[in-house]
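Reviewing the structure listed below.
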Amino acid sequence: MNASNASRVLLGAGFAIGLLAVSSGPAGAGQSPITQQQLKQYDDAFMAEVRKGDLLFHGDAAMAKQMGVNLSNTGMACAMCHPMAADTHPGSFPKFQTTVGKFSALRDMINWCIEKPSQGEQIDTDSGAMKALEAYIYWSNSGSVLDTGKH
Ligand code: HEC
């Protein structure tokens, strides 16, 4: 075998090893696959946010205080107008939201509902409270169709 054939064999072997690494698990690219224990940790982390959002959505004063937000000054919690997060249609965002008057993500609509019907104080779109509210709304609508831009 001459030198150039040898390098072709080596290249071929390297390619095969690369394929093996990619196909060895869902994480691929040399990472080790996700373990059941890690999956549980990720799920627990998600559900912890859903629970915080659930409390905020239902007007829990202690959680609002803990997260430093004032979502309503009318005594009306989100859940009074949106029982079980009904009619929040998270899968329809982003879309041009005529009520807000601009192309809006779910968080923009949440802030509109805080400021207008609830007469509360808008929250930082990157805040923990916003992420928790989104987590609760998305979780409540799990299984619904993603249909962005729909009115
Ligand atoms: C007093 C009743 C009321 C309260 C309280 C209220 N909302 Fe709403 N919400 C509405 C109405 C009315 C609309 C429809 C607005 C529109 O599309 O013109 C709406 C729409 C929404 C939508 C968008 C639905 C869509 O299909 O575009 C989201 C998301 C939402 N609200 C979240 C919240 C959250 C989160 C809270 C609590 C912070 C809240 N709402 C509190 C009345 C309320």
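The sequence shown lines up with residues -6 to 144 when you count with the numbering used here.
Idealized CB from N, CA, C, for every residue including glycine.
Quick caveat: nothing in here was measured; it's all calculated off a predicted structure.
For residue i, the three-state DSSP class (helix, strand or coil)
{"i": "L126", "result": "helix"}
{"i": "Q34", "result": "helix"}
{"i": "S17", "result": "Its pLDDT being 49, under 50, S17 is placed unreliably in this model, and the coordinates cannot settle the point."}
Rounded straight-line distance, which links the Cα of residue j to that of residue i
{"i": "M40", "j": "Q30", "result": "15 Å"}
{"i": "D53", "j": "G23", "result": "45 Å"}
{"i": "M73", "j": "Y35", "result": "30 Å"}
{"i": "M60", "j": "M69", "result": "18 Å"}
{"i": "W105", "j": "S25", "result": "43 Å"}
{"i": "D101", "j": "H51", "result": "19 Å"}
{"i": "N66", "j": "L49", "result": "14 Å"}
{"i": "D117", "j": "T28", "result": "34 Å"}
{"i": "V93", "j": "I103", "result": "10 Å"}
{"i": "V43", "j": "K143", "result": "25 Å"}
{"i": "L126", "j": "T81", "result": "11 Å"}
{"i": "L32", "j": "G46", "result": "21 Å"}
{"i": "T91", "j": "P76", "result": "23 Å"}
{"i": "P83", "j": "E114", "result": "21 Å"}
{"i": "K95", "j": "I107", "result": "17 Å"}
{"i": "V62", "j": "Q112", "result": "13 Å"}
{"i": "V138", "j": "C71", "result": "22 Å"}
{"i": "L99", "j": "F89", "result": "11 Å"}
Pair within 8 Å by beta-carbon distance, residue i and residue j
{"i": "A57", "j": "L64", "result": "yes"}
{"i": "P87", "j": "S97", "result": "yes"}
{"i": "Y129", "j": "A78", "result": "yes"}
{"i": "D37", "j": "S85", "result": "no"}
Cutoff 8 Å: residue i Cβ touching any chain C Cβ
{"i": "G84", "result": "In the structure shown, chain C does not exist; there is a single protein chain."}
| message | Please give me, in chain order, every unbroken run of the alpha helix (DSSP H) with length at least 4 that falls completely inside the stretch 20 to 101. | response | 29 to 50, 54 to 59, 71 to 74
| Are the stretch 112 to 124 and the stretch 132 to 139 in contact at 8 Å, needing three or more beta carbon pairs? | no
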